[in-house]
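For reference, the structure is listed below as structure tokens.
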Amino acid sequence: MLTRFKKLNTIGAVVLALTGAFACERTSPSNTDPNNQPRTRAEEDLAELRAWMDEKTERLDSTGPDRSEQVKEEFKQRTAQLDSRLDSLSAKSKEEYKELRRKYQNWEARNAQRTQLPLRPETLHRFHQILLGSATALDSTIPAHQIAQVYSQFVQNVRLHRDSWTASDWDYVDEIYGRLNQKEDLVENQVTAKDKIKIRALQAEYLTMETSHDAKNLYKQVK
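Using mature numbering (1 follows the signal peptide of the UniProt record, and there is no 0), the letters of the sequence shown map in sequence onto residues -23 to -1, 1 to 200.
Have a look at this one:
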């Protein structure tokens, strides 16, 4: 009787184990679903490149010649890694990679153009006055509690005047944006989390307006 009881217990344990296995099989995501596949090393490299590009393009005009060369070298290293793993990317990721490379080429071209065509101090002062209310607004450190308001004033005036600006005008606007970013860098550790969110939103809005201008200008050139 005892032996039979042990056998029943053993059978019961096996049944429970099998039931659990079947339940897991039914509820676990299908291994054939592409959305549930672990990311490849190439996909991780692409995600890192995307984040890196977002940071660099956000700081576009605060990049001096020496820093620009450093960024160029880092871009080569990152893309070399991705190129060696290109076959591991999905079709969608390959398209995104092409777009990121195009975005970087535009970045590099614009920095080269600014190096070749120095800005006129008197015109730069005039744009400081238009955008920030004073030709000397960025001559001194901006307190951390005021930096978000300065960004707000800058973006508000860009909205107001952007339709009347030429491509040359935008070079001055971009220069001031870069200098404002430098001022923000100096006090970033003192800026509140709330103000940081506001600043990032204003930066994104400015870059959208600037990109829209670039697209329109390119269309006019190839039309």
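All C-beta atoms, glycine included, are put in the ideal place defined by N, C-alpha and C.
Note that the coordinates shown come from a computational prediction; the quantities given were computed from them, not determined experimentally.
Between Gln130 and Leu109, the CB-CB gap stays under 8 Å. Counted as a single uninterrupted DSSP element, the stretch harbouring Gln167 is not any alpha helix (DSSP H), since DSSP gives it neither H nor E.
Taking the Cβ atoms as the reference, Ser65 lies roughly 7 Å from Arg18, within the contact range of under 8 Å. Of Ser70, Lys69, Lys71 and Asp22, the smallest CA-CA separation from Lys53 is found for Asp22. In the structure shown, the three-state DSSP call for Gly155 is helix.
Between the segment 100 to 119 and the segment 70 to 85 there are fewer than three inter-stretch CB-CB distances shorter than 8 Å, so the stretches are not counted as touching.
For the options Glu20, Glu85 and Trp84, the alpha carbon positioned closest to that of Asp60 is the one of Glu20. Contact annotation: the segment 99 to 108 touches the segment 149 to 156, with at least three C-beta pairs closer than 8 Å. Tyr183 sits close to Val132, with the two beta carbons spaced by under 8 Å. Separation of the CB atoms of Leu157 and Tyr128 is rounded to 7 Å, and the pair is thereby assigned contact status at 8 Å.
Here Val48 really is in contact with Lys33; their C-beta atoms are around 6 Å apart, less than 8 Å.
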